[in-house]
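Asker:
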Amino acid sequence: MPSAPSRVHLPCLALALMIMVGGTVYPPLMADAAGRADHALATSLFWAMSAGFVRGVGFVPRAGGWRWLFSAWSCAAALSLALVLKLQH
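Counted the way the working numbering counts, the sequence shown spans residues 11 to 99.
(1) According to DSSP, is A47 helix, strand or coil?
(2) Spatial neighbours of C85 within its chain, please: C-beta separation below 6 Å, excluding the five flanking residues on both sides.
(3) Taking the alpha carbon of L20 as the point to measure from, which residue in H99, A82, G33, A50 has its own alpha carbon closest?
(4) So, with DSSP's three-state summary, where would you put A41?
(5) Does the distance from the CB of L95 to the CB of L51 come in under 7 Å?
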C-alpha cells in the first residue's frame with residue numbers, strides 16, 4: 011500500500027536554513043566561553059539542522075527509528091538541547 015505523499019514543512023526547513031547560515035556566518039556560535047569548540051552544542055545544532063532539512067523537504071522515513079530521529083519533534087528537542095547547552099556557558 012503506497013503511503014500518502016508528504017508535504018514540505020516550512021518551519022523545519024526555515025529553522026534548518028537559519029542554523030546553516032548562522033553557523034556559516036558566525037562560527038563562534040558553536041564555541042564555549044573560552045573559544046574552544048563545544049562538541050555537544052555543535053552536535054545538537056547539527057542534529058536539529060539535519061532533522062529540519064529531512065522533514066522540511068517533506069521526506070518521512072519509513073523505519074520507525076529514523077522517522078523519530080528526523081521528525082519535527084526531534085528537531086525541536088535538539089534545538090532546545092542546544093539552547094540549554096548554550097545558556098550554561
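Here a beta-carbon is modelled for each residue, glycine too, at the ideal position from N, C-alpha and C. In this text the structure is predicted, and so the values were computed from the model without any measurement.
Answerer: Quick answer:
(1) If you number the sequence shown from 1, residue 47 lands on position 37. When secondary structure is reduced to three states using DSSP, A47 falls in the strand class.
(2) Here the question's residue 85 lines up with position 75 in the sequence shown. Here the set comprises C22, A58, A61, G62.
(3) In the sequence shown, the residue the question calls residue 20 occupies position 10. Comparing Cα-Cα distances from L20 to each of H99, A82, G33, A50, the minimum goes to A82.
(4) On the sequence shown, position 31 is the one that residue 41 refers to. Here A41 sits in strand by DSSP.
(5) Position 85 of the sequence shown, counting from 1, holds the residue named residue 95. Position 41 of the sequence shown, counting from 1, holds the residue named residue 51. L95 is a Cβ neighbour of L51, given a cutoff of 7 Å.
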